[in-house]
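Protein chains in written order, with the working numbering: chain A, 1 to 143; chain B, 144 to 286.
There are 2 protein chains.
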Amino acid sequence: MHRKTAEFSRFIAGKGLKSTRQRTAVAEVFFSTRGHISAEDLYLKVSGLHPGIGLTTVYRTLRLLTEAGLAKEHRFGESQGVFEKEDNARHHDHLICTRCGRIIEFKEPSIEKMQEAVAEKYGFVVEDHKLELYGLCRSCRTA
Amino acid sequence: MHRKTAEFSRFIAGKGLKSTRQRTAVAEVFFSTRGHISAEDLYLKVSGLHPGIGLTTVYRTLRLLTEAGLAKEHRFGESQGVFEKEDNARHHDHLICTRCGRIIEFKEPSIEKMQEAVAEKYGFVVEDHKLELYGLCRSCRTA
DNA sequence: TTATCTGCAAACCCTTTGCATTTAA
DNA sequence: TTAAATGCAAAGGGTTTGCAGATAA
């Protein structure tokens, strides 16, 4: 079993939910998938190994994985949503005070989603990004 | 008539299409709207002035406006699409291909709005920003 | 005149929900 | 034992499409 599937099981248990055959199957296949995958494609992959599983269950499990912070949903363009593994040791961006030099680290998944959508519009696949916001922090502003 | 509505009419004519009452009405209301507006809200606004217009026509006109480069559609989060005027003389950010070095300029008002929201969360007021997206462009990806 | 438009209703597509049944704990 | 999960079918919600009648050029 994938390390992340085990982590998912712990998350499930922690919420007082049940660890089912289907959830484990979906997680296992999801974590062995590289890049993005749609709910439907994941459903097809899992179906190959565990016939009879429902597309609905795949959707529900993907939602749980997302809540667990193990998956991330993207909506590129106008098409169907796709999911990818969420890596928690992630990039962060910076807020920089132009007066006192104070630096605050932050991350904003919603901004990153948009960055990817922009990139997609131009045919790009984002590998990395740099976002720096320059301005005045509260104390410099009120001082 | 709005300067941009006139520009839209020229675009329409250039494509051998017809300048109709409805298209002009939608464009006129759209260009007098600040910020983002959904197809449905635009439909409601136009309906007030031109009863009987169809939501379908609003969608079709918004598509034409977008093709003309006069409108821009955004899909924030998972919700319905919204449109805004496309302004060609603004700050832009960069998309950089890490393989061929190709650089594309883009601007994304929605990202800037979110940047300000994030900054505000930390007590900052944004004066400037730098956003660089690094990745692979279409040709480098498919090559 | 005639190709394009319009508005309505129906279709679409992806995703979620309702519900009766099954299952993990 | 029993609260939670499953799978099916049906509903949702925003957007698009088919079509017959209307209209701009």
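From the three backbone atoms N, C-alpha and C, an ideal C-beta is built for every residue, glycine too.
Between the C-alpha atoms of Thr-57(A) and Arg-203(B), what's the straight-line distance to the nearest angstrom?
-> As a working mapping, residue 57(A) is identified with position 57 in the first sequence. As a working mapping, residue 203(B) is identified with position 60 in the second sequence. Thr-57(A) and Arg-203(B): Cα-Cα distance of roughly 36 Å.
Round the Cβ separation of Ser-175(B) and Ser-162(B) to the nearest angstrom and send it over; I've been treating them as touching at under 8 Å.
-> To locate residue 175(B), count along the second sequence from 1; it is residue 32. To locate residue 162(B), count along the second sequence from 1; it is residue 19. Not really, about 18 Å apart at Cβ, beyond 8 Å.
Reduced DSSP category for Ile-96(A) - H, G, I as helix; E, B as strand; rest coil = Along the first sequence, one-based indexing puts residue 96(A) at 96. Strand at Ile-96(A).
Check whether the Cβ atoms of Thr-241(B) and Glu-127(A) lie closer than 9 Å to each other.
-> Taking the second sequence and counting its residues from 1, the one referred to as residue 241(B) is at position 98. Taking the first sequence and counting its residues from 1, the one referred to as residue 127(A) is at position 127. Cβ atoms of Thr-241(B) and Glu-127(A): closer than 9 Å.
Report the rounded CA-to-CA distance for Phe-30(A) versus Pro-51(A), giving the unit in angstroms.
-> Position 30 of the first sequence holds residue 30(A). Position 51 of the first sequence holds residue 51(A). Computed Cα separation, rounded: 16 Å.
Does the distance from the CB of Ala-168(B) to the CB of Leu-205(B) come in under 9 Å?
-> Taking the first residue of the second sequence as 1, we reach residue 168(B) at position 25. Taking the first residue of the second sequence as 1, we reach residue 205(B) at position 62. Going by C-beta atoms, Ala-168(B) is not nearer than 9 Å to Leu-205(B).
Which residues in chain A sit within 7 Å of Ser-181(B), going by Cβ to Cβ distance?
-> Numbered from its first residue, the second sequence carries residue 181(B) at position 38. By Cβ distance, chain A contributes nothing, its closest Cβ being about 15 Å from Ser-181(B), past 7 Å.
Amino acids of chain A, ordered along the chain, whose beta-carbon sits closer than 7 Å to that of Glu-227(B) = By one-based count along the second sequence, residue 227(B) stands at place 84. Those do not exist, as Glu-227(B) stays about 14 Å from chain A at its closest Cβ, beyond 7 Å.
So, helix, strand or coil for Phe-154(B), using DSSP?
-> The sequence position of residue 154(B) within the second sequence is 11, counting from 1. Helix at Phe-154(B).
Would you mind sorting Glu-112(A) into buried or exposed? The rule is 16 or more other CB atoms within 10 Å of its CB.
-> Taking the first sequence and counting its residues from 1, one reaches residue 112(A) at position 112. Per the 10 Å Cβ criterion, buried.
Spatial neighbours of Tyr-134(A) within its chain, please: CB distance less than 7 Å, with the 5 preceding and 5 following residues excluded, ordered by chain position.
-> Residue numbering aside, residue 134(A) sits at position 134 when the first sequence is read from its first letter. Hits under 7 Å: Ile-96 and Thr-98.
Run of the alpha helix (DSSP H) containing Glu-67(A), from where it starts to where it stops = For this step, residue 67(A) is matched to residue 67 along the first sequence. Looking at the DSSP string, the run of the alpha helix (DSSP H) that includes Glu-67(A) is 55-67.
Which partner residues does Gly-135(A) have in the DSSP bridge list?
-> Along the first sequence, read from residue 1 onward, the residue named residue 135(A) stands at position 135. Answer by DSSP bridge pairing, in chain order: Cys-97(A) and Val-269(B).
Three-state secondary structure (DSSP) of Lys-85(A) | One-based indexing of the first sequence puts residue 85(A) at position 85. Strand.
Coarse secondary structure for Glu-105(A), derived from DSSP in three states | Here residue 105(A) corresponds to residue number 105 of the first sequence, with the count starting at 1. Three-state result, Glu-105(A): strand.
Give the straight-line distance between the Cα atoms of Ile-12(A) and Ile-53(A), rounded to the nearest whole angstrom.
-> For the purposes of this step, residue 12(A) is taken as residue 12 along the first sequence, with counting starting at 1. For the purposes of this step, residue 53(A) is taken as residue 53 along the first sequence, with counting starting at 1. C-alpha separation (whole angstroms): 19 Å.
Run through DSSP, which three-state label would Ala-262(B) get?
-> Here residue 262(B) corresponds to residue number 119 of the second sequence, with the count starting at 1. In the structure shown, Ala-262(B) sits in a helix (DSSP, three-state: H, G or I).
Phe-267(B) burial status per 10 Å Cβ neighbour count (16 or more: buried) = Along the second sequence, read from residue 1 onward, the residue named residue 267(B) stands at position 124. Buried, by the Cβ-count rule.
Does Val-58(A) get closer than 9 Å to chain B when you measure Cβ to Cβ?
-> As a first step, residue 58(A) must be located in the first sequence, where it is residue number 58. Not an interface residue.
So is Ser-253(B) buried or exposed if we call it buried at 16+ other beta carbons inside 10 Å?
-> By 1-based counting over the second sequence, the position of residue 253(B) is 110. Looking at its Cβ environment, which holds 16 or more other Cβ atoms inside 10 Å, Ser-253(B) is buried.
Output yes or no for whether 9 Å exceeds the beta carbon distance between Lys-107(A) and Glu-86(A).
-> Position 107 of the first sequence holds residue 107(A). Position 86 of the first sequence holds residue 86(A). Not in contact: Lys-107(A) and Glu-86(A) (Cβ atoms no closer than 9 Å).
Beta-carbon separation (whole angstroms), Leu-274(B) vs Leu-44(A), contact threshold 8 Å | Here residue 274(B) is taken as the residue at index 131 of the second sequence, counted from 1. Here residue 44(A) is taken as the residue at index 44 of the first sequence, counted from 1. About 37 Å separates the two Cβ atoms, so there is no contact after all.
Hey, is Gly-212(B)'s beta-carbon within less than 9 Å of any beta-carbon in chain A?
-> The residue you call residue 212(B) lines up with position 69 of the second sequence. No, Gly-212(B) lies away from the interface with chain A (no Cβ there is under 9 Å from its Cβ).
Tell me whether Phe-83(A) is buried or exposed, calling it buried when 16 or more other Cβ atoms sit within 10 Å of its Cβ.
-> For this step, residue 83(A) is matched to residue 83 along the first sequence. By the neighbour-count rule (16 or more Cβ atoms within 10 Å), Phe-83(A) is buried.
Residues in the stretch 145-171 of chain B with C-beta within 8 Å of chain A's C-beta atoms, listed in sequence order?
-> none
Hey, out of Leu-207(B), Ala-149(B) and Glu-263(B), whose CA is closest to Lys-158(B)'s CA?
-> In the second sequence, counting from the first residue as 1, residue 158(B) sits at position 15. Minimum Cα distance to Lys-158(B) is reached at Leu-207(B).
Cross-strand partners of Lys-72(A) (DSSP beta bridge) = Locating residue 72(A) in the first sequence gives position 72, where the first residue counts as 1. Per DSSP, Glu-84(A).
Under 7 Å Cβ to Cβ from Arg-245(B), same chain only, skipping five residues before and after it: list those, please.
-> What you label residue 245(B) is simply residue 102 of the second sequence in a count that begins at 1. Same-chain partners within the cutoff: Cys-280.
Alpha carbon of Arg-3(A) to alpha carbon of Gly-48(A), nearest angstrom | As a working mapping, residue 3(A) is identified with position 3 in the first sequence. As a working mapping, residue 48(A) is identified with position 48 in the first sequence. So the two alpha carbons sit approximately 22 Å from each other.
Give the straight-line distance between the Cα atoms of Ala-149(B) and His-36(A), rounded to the nearest whole angstrom.
-> The sequence position of residue 149(B) within the second sequence is 6, counting from 1. The sequence position of residue 36(A) within the first sequence is 36, counting from 1. So the two alpha carbons sit approximately 43 Å from each other.
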